[in-house]
Amino acid sequence: MAQVDWRLEGEWLKNCNCAFGCPCDFNAPPTHGECWGMLGMRITQGHYESTRLDGLLFAVVVQFPGPLHEGNGQAQPIIDERASPEQREALFEIMSGKHSAEGTLFHIFSIIVNKMHDPIFAPVSFEFDEEARTARLSIPEVLETEVVPIRNPVTDKPHRIQVVMPEGFEHIKGEVASATIKSNGAIAFTTQGSHSTLAHVVQTPEGVEA
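At position 78 of the sequence shown the residue is numbered 79 (my numbering), and the sequence of numbers has no breaks.
This is the structure:
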């Protein structure tokens, strides 16, 4: 598979409708049978060939009728409106999976999604604190999601848990938290007190480095 020189490093947010722990990370079926969720990233440092991507944000809203490995998914990308035409094209090229090795995140995504909705270009507000397990991503009239720590059901104190996947293709280590999601785009749904993972990631054509 042809590959080009690209790299994305930054803050990674994965929120979905599953129970805390996201069964997909364990190759198990989604908690409620179907998967409804979103991925978001603020790129702290990144490039596609000579096109710099530093500071840009993107998100993807997804829906799968069953376990992700069975495919038949749909997705809608959302790109920071500040991105230039060249930066938009660079992000679409990376997300296409055409420039990633087999078995890596974007390559897998290209296989399991068979319906891609038209992209949205909009202002994106993003707050992220991995250590505190808090985050917020806001795209007016399109997507609102907020993350807070899981609370102990007896003491109501913040509960901390990490997931570590040495051979993960999305991230290596992530903080697990609680999410609310309200999506109003082509894939519309809401969740309350569902799964969230916050992580620092580095993605390359050869796969995840962090």
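In this text, a Cβ means the ideal position worked out from N, Cα and C, and glycines have one as well.
{"Item": "Using a Cβ distance threshold of 8 Å, determine whether the segment 144-157 contacts the segment 174-186, with at least three qualifying pairs required.", "Value": "yes"}
{"Item": "Measuring CB to CB, does Ala76 end up less than 7 Å from Val114?", "Value": "yes"}
{"Item": "With distances taken between CB atoms, is the gap from Val5 to His160 smaller than 7 Å?", "Value": "no"}
{"Item": "Could you spell out where the alpha helix (DSSP H) holding Arg89 opens and where it closes?", "Value": "86-96"}
{"Item": "Can you tell me whether Glu103 is buried or exposed? The criterion is at least 16 other CB atoms within 10 Å of its CB, across all chains shown.", "Value": "exposed"}
{"Item": "Would the segment 170-177 and the segment 60-75 be scored as touching if the rule is three or more Cβ pairs under 8 Å?", "Value": "no"}
{"Item": "Hey, how far is the Cα of Gly47 from the Cα of Trp7?", "Value": "7 Å"}
{"Item": "Where does Gln193 land, buried or exposed, given buried means 16+ other C-beta within 10 angstroms?", "Value": "exposed"}
{"Item": "Between which two residues does the beta strand (DSSP E) harbouring Ser126 extend?", "Value": "126-130"}
{"Item": "Excluding five sequence neighbours on each side, which residues of the same chain lie with their C-beta closer than 6 Å to the C-beta of Phe122?", "Value": "Ile80, Glu82"}
{"Item": "For His108, which three-state DSSP category applies?", "Value": "helix"}
{"Item": "Please identify the residue among Pro206, Ile151, Cys25, Val165 whose C-alpha is closest to the C-alpha of Gly1.", "Value": "With the chain running from 2 to 211 in the structure shown, residue 1 is simply not present."}
{"Item": "Out of curiosity, what's the CA-to-CA distance linking Leu199 and Asp130?", "Value": "8 Å"}
{"Item": "In angstroms with no decimal places, state the Cα-to-Cα distance between His108 and Gln204.", "Value": "12 Å"}
{"Item": "Report all residues from its chain with a CB closer than 7 Å to the CB of Ala178; omit the five preceding and five following residues, and keep chain order.", "Value": "Arg134, Val148, Val149, Pro150, Ile151, Ser197, Leu199"}
{"Item": "Take Asn18 as the anchor and find which of Met42, Gly34, Asn28, Asn153 has the nearest alpha-carbon.", "Value": "Gly34"}
{"Item": "In chain order, what are the residue ranges of uninterrupted beta strand (DSSP E) at least 3 long that sit wholly in the segment 166-199?", "Value": "174-184"}
{"Item": "Counting only runs that start and end within the segment 29-85, where is the beta strand (DSSP E) found for 3 or more residues in a row?", "Value": "36-49, 58-65, 74-81"}
{"Item": "Would you tell me roughly how many angstroms separate the C-alpha atoms of Glu224 and Phe27, rounded to the nearest one?", "Value": "Outside the modelled stretch of the chain, which goes from 2 to 211, sits residue 224, for which no answer is possible."}
{"Item": "Using the Cα positions of Phe190 and Cys36, report the straight-line distance between them to the nearest angstrom.", "Value": "11 Å"}
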